[in-house]
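S.K.: Quick note, in my numbering, the sequence shown goes up one by one and the last residue is 285.
Where is the CB? At the ideal position from N, CA and C, for every residue including glycine.
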Amino acid sequence: MRKWAKRIRWDVLGRPPFSERTELLALNLKLVNGAATPVASNKPELIEGAHADSLLYLIDEAKIVPDGTWDAIEGAFSGGRMDGLPEAFAFAISTPGPPAGRFYDIHKRAPGLEDWHVRHVTLEEAIAAGRISPQWAEQRAKQWGRDSAMFANRVLGEFHASDEDSVIPLSWVDAAIERWHEWDQAGRPEPDGRRVLGVDVARTGGDSTVLAHRWGLIVADLDIHDREDTMQTTARVQAAPGEEPGGAVAVVDSVGVGGGVIDRSRELRVPVLAYTGAAGTEPSP
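1. Just mark E244 as buried or exposed, buried being the case when its beta carbon has 16 or more other beta carbons within 10 Å.
2. Assuming V252 is part of the beta strand (DSSP E), what are its boundary residues?
3. Which same chain residues end up closer than 8 Å to K3 when comparing Cβ atoms and leaving out the 5 residues on each side of it in sequence?
4. For V199 and V237, which I take to be in contact (beta-carbon distance under 8 Å), what is that distance rounded to the nearest angstrom?
5. How far does the beta strand (DSSP E) with E87 in it reach, from first residue to last?
6. What does R195 pair with, by DSSP beta-bridge criteria?
7. Going by CA-CA distance only, name the one from V272, P189 and A240 that's closest to S254.
8. Kindly list the residues whose CB is nearer than 6 Å to the CB of F91, restricted to its own chain and excluding five residues on each side of it in sequence; keep chain order.
9. Using C-beta distances below 6 Å, list every residue in its chain close to E267, excluding the 5 sequence neighbours before and after it, in chain order.
10. Starting from I127 and walking both ways along the alpha helix (DSSP H), at which residues does that stretch end?
11. Going by Cα to Cα distance, which pick from V252, P38 and V39 is closest to H213?
12. Using C-beta distances below 6 Å, list every residue in its chain close to M1, excluding the 5 sequence neighbours before and after it, in chain order.
13. DSSP state of V272, grouped into three classes?
14. Kindly list the residues whose CB is nearer than 8 Å to the CB of L123, restricted to its own chain and excluding five residues on each side of it in sequence; keep chain order.
15. Within a Cβ cutoff of 7 Å, which residues of the same chain sit near A152, ignoring the five residues on either side of it in sequence?
16. To which residues does DSSP link I262 through a beta bridge?
17. The beta strand (DSSP E) with I59 in it runs from where to where?
Given below as structure tokens:
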């Protein structure tokens, strides 16, 4: 203790060194103007009801903190002001993990969480600060692979799921959702490109019939209908003819009950394209 005690600015910290070892065992540090208390992240009830002129939450390994604890912390912010007292702050830090949980929602700017300031420390910054060596990063790339979730989480500091074998990586889905939010917030300007109506038919079972309205590269809306027979779905397809100016071309999943919608639509001379979602793709020439 003596070596590092002389280096610490105790006047800045607001208290002298520990005088008794029992203070550490009490899990409570008494400061000149308050106290510091650790709380296990799986006990949100111990966090609720915190009140003071100044509150600061330090959330370590934030990726594993359950939503209930985040909600308990959020409750303490209800009386905080932008200037003056009372005030409440939170500082959350963690290596990222899979794209899930409240810490991930904060980083992707989910609705209601836009008031958090997000800071991503890059590998280059960590190397420049002397916290990571380039040799270690290069060895981990050889060990785990540069495209692996482990390398993205532990070295690049990025959220990444172990979905390398998926047809559509989750990161692509997240990026598409983010682009959709940007388009929606811009007032939904009409995109360039062909209008297409994608139809997934479910009939009267437990699944839903979904009609996706796509303009160019943007899925503008999803119409969801439950317990609807194929004739009702055919009528909806018929209402979006492709021959009218600006009309949509209907693309219907032909597997199962979708085949009935295609047959009836063609009988009514409604232009539809049959699509087999379960079919394999043709190899590139």
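M.R.: The relevant details are as follows:
1. For E244, the predicted structure reports a pLDDT of 48, less than 50, and the residue's modelled location is therefore unreliable. A value from the coordinates is still provided. Exposed is the call here.
2. Run containing V252: V249 to D253, per the beta strand (DSSP E) assignment.
3. Only weak support is given to the placement of K3: the predicted model assigns it a pLDDT of 43, under 50, and the question is left unresolved by the model.
4. At roughly 6 Å, the Cβ-Cβ gap stays under 8 Å, so V199 and V237 are in contact.
5. Unbroken beta strand (DSSP E) run through E87: E87 to I93.
6. In the DSSP output, where bridge partners are listed per residue, R195 has W215.
7. When only C-alpha atoms are compared, the closest one is V272.
8. Answer for F91: L58, listed in chain order.
9. Within the same chain, no residue comes within 6 Å of E267 by CB-CB distance, once the 5 residues on both sides are set aside.
10. L123 to A128 is the extent of the alpha helix (DSSP H) around I127.
11. Nearest Cα to H213 within the set V252, P38 and V39: V252.
12. Unreliable placement is indicated for M1, whose pLDDT of 40 sits below 50; the coordinate value is still reported in the next sentence. Excluding sequence neighbours, M1 sits near nothing in its chain.
13. If DSSP states are grouped into helix, strand and coil, V272 belongs with the strands.
14. In its chain, beyond the 5 residues on either side, I132, A137, V155, L156 and G157 have a beta carbon closer than 8 Å to the beta carbon of L123.
15. Excluding positions up to five away in sequence, the list reads E158 and H160.
16. Residue pairing by DSSP leaves I262 without any beta bridge partner.
17. Per DSSP, the unbroken beta strand (DSSP E) holding I59 starts and ends at S54 to D60.
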